[in-house]
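For reference, each letter of the sequence shown is one residue, going 8 to 353 in the numbering used here.
We put the CB at the ideal spot given by N, CA and C, even for glycine.
As the structure is a computational prediction, the values presented were derived from the model and not from experiment.
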Amino acid sequence: MDAFFAAVEELDEPKLKTRPLAIGGRNSRGVVATANYLARRFGVRSAMPMATAKRLCADLVVVPPRMDRYRDISKRVMAVFHTFSQQLEPLSLDEAFLDMTEHCNTFNSPEELGHRIKERVFDATGGLTVSVGIANTKAVAKIASDVNKPDGLTVVYPNAVADFLAPLPVSKLWGVGPKAQDRLTAAGFMTIGDVARASDQELGPLGSNGASYRRLAQGVDYRNVGSRGRSKSIGWERTLDKDLPISEALMEHVQAAVVGVCDRIRRRKLKAGGVRIKLKTSDFKNMTRQQHLPDATDEPQKVLAAATALLNDIEPGETYRLVGVSMFALIHEAEGVQMPLFDRDT
């Protein structure tokens, strides 16, 4: 989907279509969840502090997220996808892979398939657009879906994969985030073609990831489309009104996070065998600490004790703008078996 949260808000309030729009917390401590394309022209981007976004775009309209509404629209979109293929792998509320191998003869061309998907999503949602990428591997299809946003359709035939990928910047490789991009460019790789042509020696500075990057850059991806399973962990986090050091005031927020996440796993009839805390420093550096529990639990007191011990191990001196608690090694309450973990890199 194209700028999904923002697009839903524009759908429900059409006058927002002509205004730069960001979804996120309205106070100066908030963070941009997504922005419409008008706001992006000013440099507003996801994960940007809202205060920065407002400096970049003085006329920015900020709307708090409405997750229930987004989930409702997402269900409609996924229902459309299911009419095209039962082999579906959702990546998020607004993105999924479809394996169309068994349905190739249903359509005259990949382009016809793409247009049909776009039309059906538009009708089912009352006017939302979707960008479609079609290729013979997941990695190339993912890149193809991003290159012509919004409302794009890109088909990459097998004999055109190398020419399609080669000129693109390395940041377009699926799975390459800012840190990996920095490593790639520091090693002299500016385009996907640079990585595809690299020798083992040239990939040396990238360590064990080098060969994987080269395979993806060559369009080679052996991962199948399939269900991602249920969550590996369930979390709760909050951006603070002001930066805080490790203190009683910070612990109050940790306690609130513990209560929130325990309520979530209890409602899903789960227990957790591990606790993880997340802190974001004033200069936006993330810090995590985790601990396995003696026994799986959903009791806030036990989780809080573990979270407190993790905080006490952190060296003082920093102040923090965000705090979060998540629980992992999830176990079904009734069955007493751990939920399967998937290593698929998505």
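Query: Where the beta strand (DSSP E) containing V332 begins and where it ends; Result: 327-339
Query: Where K186 falls, given that 16 or more other Cβ within 10 Å makes a residue buried; Result: exposed
Query: Other residues of its chain near P165: CB distance less than 6 Å, five sequence neighbours each side excluded; Result: N143
Query: Candidates R296, T113, T132, P56: closest to R83 by CA position; Result: T132
Query: As assigned by DSSP and simplified to three states, the class of D250; Result: strand
Query: Same chain, Cβ closer than 7 Å to Q188, neighbours up to 5 away in sequence not counted; Result: V177, S178
Query: Identity of the residues DSSP links to T41 by a beta bridge; Result: I30
Query: Check whether V202 and Y229 have beta carbons under 8 Å apart; Result: no
Query: Anticipated Cβ contact below 8 Å, G242 with S333, distance rounded; Result: 3 Å
Query: Cβ neighbour criterion (16 or more within 10 Å) applied to A86; Result: exposed
Query: Inside the region 148-192 only - beta strand (DSSP E) runs reaching at least 3 residues; Result: 160-162
Query: Straight-line Cα distance separating A312 from R296; Result: 14 Å
Query: Stretch pair the region 66-76 + the region 108-117: three plus CB contacts closer than 8 Å; Result: no
Query: Own chain residues within Cβ distance below 6 Å of M8, not counting five before or after; Result: D101, V137
Query: Simplified DSSP state of G267, which is helix, strand or coil; Result: helix
Query: Pair within 8 Å by beta-carbon distance, L191 and G226; Result: no
Query: Rounded straight-line distance, which links the Cα of Q94 to that of D104; Result: It should be noted that the sequence gives Phe, not Asp, for residue 104. Each residue's Cα considered, the two are about 8 Å apart.
Query: N319 versus T59, S254, A218, S206, residue with shortest Cα-Cα distance; Result: S254
Query: 6 Å CB neighbourhood of V266 in its chain, flanking five on each side removed; Result: P307
Query: Cα-Cα separation between A13 and C64, rounded to whole angstroms; Result: 16 Å
Query: S81 to A224 span [Cα, whole Å]; Result: 31 Å
Query: Pairwise C-alpha distance: K309 and E244; Result: 18 Å
Query: Candidates I124, A148, M197: closest to T90 by CA position; Result: I124
Query: Cut-off 8 Å between Cβ atoms - residues of its own chain near G195, not counting five sequence neighbours on either side; Result: D201, E209
Query: Cβ-based neighbour list, R26, same chain, cut-off 6 Å, excluding 5 preceding and 5 following; Result: V68
Query: Simplified DSSP state of S219, which is helix, strand or coil; Result: helix
Query: Start and end residues, alpha helix (DSSP H) containing N231; Result: First-last for N231: undefined, no H or E at that position.
Query: Residue span of the beta strand (DSSP E) that contains G280, given as start and end; Result: 277-288
Query: Under the three-state DSSP convention, the category F49 falls into; Result: coil
Query: Alpha helix (DSSP H) segment containing L135, residue limits; Result: Here L135 belongs to no alpha helix (DSSP H), and DSSP marks it neither H nor E.
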